[in-house]
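Engineer: Take a look at this one; I'll ask things after.
Have a look at this one:
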């Protein structure tokens with residue numbers, strides 16, 4: 001099911017005319033972190049089945065909610081990934 005949802009997520013980007021290799025830059029402590037849409041999708045698709053379904057459902061809703069949009073969705077998901085990654089580094 002993972003690959004199917006991953007493919008569906010990437011298809012949504014194609015349908016919306018968005019390049020899946022598009023990137024978002026985040027500045028954290030004066031350091032730039034760049035995440036691609038593909039990386040964000042693949043990372044969330046490596047999570048539990050429930051998390052994958054939530055990600056896919058939220059992505060579909062972001063397409064329907066024109067005020068939020070796909071770009072804002074990926075900004076939020078990218079921030080979540082970075083915060084998770086950085087908090088794990090702090091714990092070590």
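In our numbering, the protein residues as written are 1 to 92. All residues carry an ideal CB built from backbone N, CA and C; glycine is no exception.
1. Can you name, in chain order, every residue of its own chain whose Cβ lies under 7 Å from the Cβ of residue 69, other than the five neighbours on each side?
2. Can you grab the Cα-Cα spacing for the pair residue 32 / residue 72, in whole Å?
3. Report the rounded CA-to-CA distance for residue 92 versus residue 29, giving the unit in angstroms.
4. Which residue or residues does DSSP assign as beta-bridge partners of residue 33?
5. Closest to residue 36 by CA distance: which of 27, 19, 52 is it?
6. Rounded to a whole number of angstroms, what is the C-alpha to C-alpha distance between residue 34 and residue 82?
7. Roughly how many angstroms separate the alpha carbons of residue 5 and residue 88, rounded to a whole number?
Structural biologist: According to the structure data:
1. 62
2. 18 Å
3. A caution first: residue 92 carries a pLDDT of 46, below 50, which makes its placement in the model unreliable, though a value can still be read off. C-alpha separation (whole angstroms): 18 Å.
4. 26
5. 19
6. 10 Å
7. 27 Å
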